[in-house]
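Undergrad: If you scroll down you'll find the structure; I have some questions about it.
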Amino acid sequence: MRRALCWIRRDLRLSDHAALAAATQAAEEVGIVFVFDTRILDALPDRDDRRVSFIHRSLHELDARLKLLGSRLIVRYGDPVEEIPAALREYGAEAVFAARDYEPYARTRDAEVGRLLPLHLVRDTVIFDPEELSTEAGTPHRQHRSFKIAWQKAFRYAERLGVHEPDLTRLLPLESGGWRGLPTLGFAPNEGAFKPGEAAASARLDSFTRRLRAYEVARNFPAEDGTSLLSVDLRFGTVSPRACFRAALEGGIAGEKWLSELVWRDYYQHVLFHFPQVVEGPFRPEFAELEYPGTEDAFEAWTEGRTGYPLIDASMRCLRGTGWMNNRLRMATAGFLTKNLLVDYRKGEAWFARFLLDFDLAANNGNWQWAASVGSDAQPFFRSFNPILQSEKFDPKGAFIRRWVPELTALPDSALHFPAGSPLAVEEVGVRLGIDYPMPIVDQKATRERSRALLSEARATQTA
Numbered sequence: 061m062r063r064a065l066c067w068i069r070r071d072l073r074l075s076d077h078a079a080l081a082a083a084t085q086a087a088e089e090v091g092i093v094f095v096f097d098t099r100i101l102d103a104l105p106d107r108d109d110r111r112v113s114f115i116h117r118s119l120h121e122l123d124a125r126l127k128l129l130g131s132r133l134i135v136r137y138g139d140p141v142e143e144i145p146a147a148l149r150e151y152g153a154e155a156v157f158a159a160r161d162y163e164p165y166a167r168t169r170d171a172e173v174g175r176l177l178p179l180h181l182v183r184d185t186v187i188f189d190p191e192e193l194s195t196e197a198g199t200p201h202r203q204h205r206s207f208k209i210a211w212q213k214a215f216r217y218a219e220r221l222g223v224h225e226p227d228l229t230r231l232l233p234l235e236s237g238g239w240r241g242l243p244t245l246g247f248a249p250n251e252g253a254f255k256p257g258e259a260a261a262s263a264r265l266d267s268f269t270r271r272l273r274a275y276e277v278a279r280n281f282p283a284e285d286g287t288s289l290l291s292v293d294l295r296f297g298t299v300s301p302r303a304c305f306r307a308a309l310e311g312g313i314a315g316e317k318w319l320s321e322l323v324w325r326d327y328y329q330h331v332l333f334h335f336p337q338v339v340e341g342p343f344r345p346e347f348a349e350l351e352y353p354g355t356e357d358a359f360e361a362w363t364e365g366r367t368g369y370p371l372i373d374a375s376m377r378c379l380r381g382t383g384w385m386n387n388r389l390r391m392a393t394a395g396f397l398t399k400n401l402l403v404d405y406r407k408g409e410a411w412f413a414r415f416l417l418d419f420d421l422a423a424n425n426g427n428w429q430w431a432a433s434v435g436s437d438a439q440p441f442f443r444s445f446n447p448i449l450q451s452e453k454f455d456p457k458g459a460f461i462r463r464w465v466p467e468l469t470a471l472p473d474s475a476l477h478f479p480a481g482s483p484l485a486v487e488e489v490g491v492r493l494g495i496d497y498p499m500p501i502v503d504q505k506a507t508r509e510r511s512r513a514l515l516s517e518a519r520a521t522q523t524a
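Heads up: the sequence shown begins at 61 in the numbering used here, then just goes up one per residue.
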């Protein structure tokens, strides 16, 4: 064909780009288009949303690269179901290429666009499309272990991790593409903790591969630079998922743990695709009618980082301050909300969805249901994270806590992880519990037992 468009959504880069490679192979000229989807933007509660800034700045970098290549990014604003057909007509294109997106809204949107024009969807954000892996009975996987076994059995390096390099000589010559600043979209700039764009993502990947040997242990310590810091890039596609898998596999034994985490990411996409009802409620039906007795005051204390448990409070303040925290902290805070404060996991899931820079519906939903013991392959209902022990083990010197809970800076390490348990040590440094820092809002042992009873009763009621 003479001309096509490549519609980028979760693939904000030029290298190893499956949709763009397919488009440049099929057409003589290819324009790259991005739509600021007002159906998504209008629903965001915060006008300084970090994700909008990250996307905007990443696209600005991409547009600058395209300018050097004699093209520009085509930018539209509105409903993609209207804007993509309009762009097709305006630029005289015959077809649109895009990477598949497995979220319910995206599937509906793409189906609507596909009824209006030739839309070619390719696999890019996962290694296996959700339909490609099934149980021996031909049904979707409901357990991570069986999914991982099937993933490993079907995996072929060259077939799945080949580099999809587009022919950039076929980019549509353009002098401008309709770029607007953030204020015209109704948003204020918010730079956040992560430098946006493909170049920054590539630098993060290079840096992490040099630290890969320490990942399995260091990833749990919030005061250390122990994780890949690539979750934001994977979410918005400023790095290729295949590049991450290649790095993990090439890391040998050192890369095995990261590879396992990347497979979890694909698993949650598989679950969301086949069981979209998880967006509304628990994967496990026995917990569908579970009523959580936690209060709104408890939820607000959790969101504001004033529970009286320093690791939890530091984590929640870090989330508000940076839009990110490591997986260990996500599990600990989610477990505390659901199994100690006894608050519905959906409230916590929505809070994370609001503030996480790397928010991904499948992963966020899957992780929250795991922590609450109501999801696919979830944590057993009788297990929970002890926030004090987690603090002592993974922030032993209190560096993370002292950064985000400065009112406790003067406390000795022995009292820092649970100030209420060391009242004399706290008093000696002039910290007033209940005034300068809150007393614990719940007894973590008692509420843990109550959570076990609630979940056990729900299971028994369902099977009775």
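Each residue gets a CB set at the ideal place from its N, CA and C atoms; glycine is no exception.
1) Which of helix, strand or coil does DSSP assign to residue 90?
2) Which of the three DSSP states is assigned to residue 330 in this structure?
3) Less than 7 angstroms between the beta carbons of residue 139 and residue 99, yes or no?
4) Report the CB separation of residue 331 from residue 422 in whole angstroms; it is logged as a contact under 8 angstroms.
5) Going by Cα to Cα distance, which pick from 315, 352, 500, 97 is closest to residue 279?
6) Compute the distance between the beta-carbons of residue 325 and residue 418, then report whether it is under 7 angstroms.
7) Assign residue 293 to one of three DSSP states: helix, strand, or coil.
8) Using the rule of at least 16 other Cβ atoms within 10 Å of the residue's Cβ for burial, across every protein chain shown, is residue 248 buried or exposed?
9) Thinking residue 465 and residue 374 are a contact (beta carbons under 8 angstroms), I'd like their distance in whole angstroms, please.
10) Pick out whichever of 379, 333, 351 has its Cα sitting closest to the Cα of residue 364.
11) Could you spell out the range, first to last residue, of the alpha helix (DSSP H) harbouring residue 302?
12) Between the alpha carbons of residue 513 and residue 502, how many angstroms are there, rounded?
13) Whole angstroms are fine: how far does the CA of residue 74 sit from the CA of residue 148?
14) Count the other C-beta atoms from every protein chain shown that fall within 10 angstroms of the C-beta of residue 499, then say buried if there are 16 or more, exposed otherwise.
15) Pull up the CB-CB distance for residue 261 and residue 290, whole angstroms please, since I reckon it's below 8 angstroms.
16) Look up residue 357 in the DSSP assignment and say whether it is helix, strand or coil.
17) So, at 8 angstroms on beta carbons, what are the nonlocal neighbours of residue 252 in its own chain, with the 5 sequence-adjacent residues on each side left out?
18) Taking the alpha helix (DSSP H) that residue 116 belongs to, which residues open and close that run?
19) By how many angstroms is the C-alpha of residue 370 removed from the C-alpha of residue 400?
20) Relative to the alpha-carbon of residue 452, which residue among 473, 468, 439, 174 has its alpha-carbon at the smallest distance?
21) Does the distance from the C-beta atom of residue 76 to that of residue 302 stay below 7 angstroms?
22) Would residue 1 be called buried (16 or more neighbouring beta carbons within 10 Å of its own) or exposed?
23) From which residue to which residue does the alpha helix (DSSP H) around residue 179 run?
24) Measure the C-alpha to C-alpha separation of residue 173 and residue 336 and round it to an integer number of angstroms.
25) Measure the alpha-carbon distance for residue 65 versus residue 360 and round it to whole angstroms.
26) I'd like to confirm the pairing. Which residues does DSSP put opposite residue 65 in its beta bridges?
27) For residue 138, report the span of its alpha helix (DSSP H) as first-last.
28) Using 8 angstroms as the Cβ pair cut-off and three pairs as the minimum, do the segment 123-137 and the segment 232-239 touch?
29) Are the beta-carbon atoms of residue 323 and residue 407 separated by less than 7 angstroms?
30) From which residue to which residue does the alpha helix (DSSP H) around residue 245 run?
31) Whose C-beta lies closer than 7 angstroms to the C-beta of residue 183 among residues of the same chain, with five residues either side of it excluded?
32) Checking the sheet assignment: what are the DSSP bridge partners for residue 97?
33) DSSP beta-bridge partners for residue 471?
34) Taking 7 angstroms as the cut-off, decide whether the C-beta atoms of residue 483 and residue 372 are in contact.
35) In the DSSP assignment, what are the bridge partners of residue 497?
36) Give every residue of the same chain whose Cβ lies closer than 8 angstroms to the Cβ of residue 101, excluding the five residues on either side of it in the sequence, and list them in chain order.
TA: In short, the structure shows the following:
1) The residue labelled residue 90 in the question sits at position 30 within the sequence shown. Reduced to three states, the DSSP call for residue 90 is strand.
2) In the sequence shown, residue 330 corresponds to position 270, counting from 1. When secondary structure is reduced to three states using DSSP, residue 330 falls in the helix class.
3) Here residue 139 refers to the residue found at position 79 when the sequence shown is read from its first residue. Here residue 99 refers to the residue found at position 39 when the sequence shown is read from its first residue. Contact annotation: residue 139 and residue 99 have beta-carbon atoms nearer than 7 angstroms.
4) Along the sequence shown, read from residue 1 onward, the residue named residue 331 stands at position 271. Along the sequence shown, read from residue 1 onward, the residue named residue 422 stands at position 362. Residue 331 to residue 422, Cβ: 7 angstroms. Contact.
5) Position 219 of the sequence shown, counted from the first residue, corresponds to residue 279. When only C-alpha atoms are compared, the closest one is 315.
6) Here residue 325 refers to the residue found at position 265 of the sequence shown. Here residue 418 refers to the residue found at position 358 of the sequence shown. It is not a contact, given that the beta carbons lie outside the stated cut-off.
7) Counting from one through the sequence shown, the residue named residue 293 turns up at place 233. The three-state secondary structure of residue 293, taken from DSSP, is helix.
8) Taking the sequence shown and counting its residues from 1, one reaches residue 248 at position 188. When all chains shown are included, residue 248 counts as exposed.
9) Translated into the one-based positions of the sequence shown, residue 465 becomes position 405. Translated into the one-based positions of the sequence shown, residue 374 becomes position 314. Rounded, the Cβ-Cβ distance is 5 angstroms, consistent with contact.
10) The residue you call residue 364 lines up with position 304 of the sequence shown. Of the residues 379, 333, 351, the one whose Cα lies closest to the Cα of residue 364 is 379.
11) Looking up residue 302 in the sequence shown gives position 242. That run of the alpha helix (DSSP H) goes 301-310.
12) Looking up residue 513 in the sequence shown gives position 453. Looking up residue 502 in the sequence shown gives position 442. Computed Cα separation, rounded: 17 angstroms.
13) Working through the sequence shown from its first residue, we reach residue 148 at position 88. Working through the sequence shown from its first residue, we reach residue 74 at position 14. One C-alpha to the other measures close to 21 angstroms.
14) Taking the sequence shown and counting its residues from 1, one reaches residue 499 at position 439. With fewer than 16 Cβ atoms within 10 Å of its Cβ, residue 499 is classed as exposed.
15) Taking the first residue of the sequence shown as position 1, residue 261 is located at position 201. Taking the first residue of the sequence shown as position 1, residue 290 is located at position 230. The pair is a contact, with the Cβ atoms about 7 angstroms apart (cut-off 8 angstroms).
16) Here residue 357 refers to the residue found at position 297 of the sequence shown. If DSSP states are grouped into helix, strand and coil, residue 357 belongs with the helices.
17) Taking the first residue of the sequence shown as position 1, residue 252 is located at position 192. The beta carbon of residue 252 sits closer than 8 angstroms to the beta carbons of 110, 113, 114, 382, 383, 417 from its chain, once the five residues preceding and following it are set aside; these are given in chain order.
18) The residue labelled residue 116 in the question sits at position 56 within the sequence shown. Start and end: 110-128.
19) Within the sequence shown, numbered from 1, the residue matching residue 400 stands at position 340. Within the sequence shown, numbered from 1, the residue matching residue 370 stands at position 310. About 15 angstroms.
20) Walking along the sequence shown from the start, residue 452 turns up at place 392. Of the candidates 473, 468, 439, 174, the one whose C-alpha sits nearest the C-alpha of residue 452 is 473.
21) Stepping through the sequence shown from its first residue, residue 76 is reached at position 16. Stepping through the sequence shown from its first residue, residue 302 is reached at position 242. Taking 7 angstroms as the cut-off, the Cβ atoms of residue 76 and residue 302 count as close.
22) Residue 1 is absent from the model: the chain starts at 61 and stops at 524.
23) Against the sequence shown, residue 179 aligns to sequence position 119. No alpha helix (DSSP H) contains residue 179, which is instead part of the beta strand (DSSP E) from 179-182.
24) Looking up residue 173 in the sequence shown gives position 113. Looking up residue 336 in the sequence shown gives position 276. Going from the Cα of residue 173 to the Cα of residue 336 covers about 21 angstroms.
25) What you label residue 65 is simply residue 5 of the sequence shown in a count that begins at 1. What you label residue 360 is simply residue 300 of the sequence shown in a count that begins at 1. Rounded to the nearest angstrom, the two C-alpha atoms are 46 angstroms apart.
26) Within the sequence shown, residue 65 is the residue found at index 5, counting from 1. Note: residue 65 sits in a beta bridge opposite 91, 156.
27) Locating residue 138 in the sequence shown gives position 78, counting from the first residue. Per DSSP, residue 138 belongs to no alpha helix (DSSP H); it is in the beta strand (DSSP E), 134-138.
28) A contact between stretches requires three or more CB pairs, one per stretch, nearer than 8 angstroms, and the segment 123-137 meets this requirement with the segment 232-239.
29) Locating residue 323 in the sequence shown gives position 263, counting from the first residue. Locating residue 407 in the sequence shown gives position 347, counting from the first residue. No, the Cβ-Cβ distance between residue 323 and residue 407 is not below 7 angstroms.
30) By one-based count along the sequence shown, residue 245 stands at place 185. Unbroken alpha helix (DSSP H) run through residue 245: 242-245.
31) Along the sequence shown, one-based indexing puts residue 183 at 123. Excluding residues within five positions, the ones whose Cβ falls inside 7 angstroms are 78, 160, 189.
32) Position 37 of the sequence shown, counted from the start, is the residue given in the question as residue 97. Per DSSP, 138.
33) Here residue 471 refers to the residue found at position 411 when the sequence shown is read from its first residue. Looking at the DSSP assignment, residue 471 forms no beta bridge with any residue, so it has no partner.
34) Residue 483 sits at position 423 when you count from the first residue of the sequence shown. Residue 372 sits at position 312 when you count from the first residue of the sequence shown. It is not a contact, given that the beta carbons lie outside the stated cut-off.
35) In the sequence shown, counting from the first residue as 1, residue 497 sits at position 437. Answer by DSSP bridge pairing, in chain order: 493.
36) In the sequence shown, the residue the question calls residue 101 occupies position 41. Excluding sequence neighbours, residue 101 sits near 112, 245, 246, 247.
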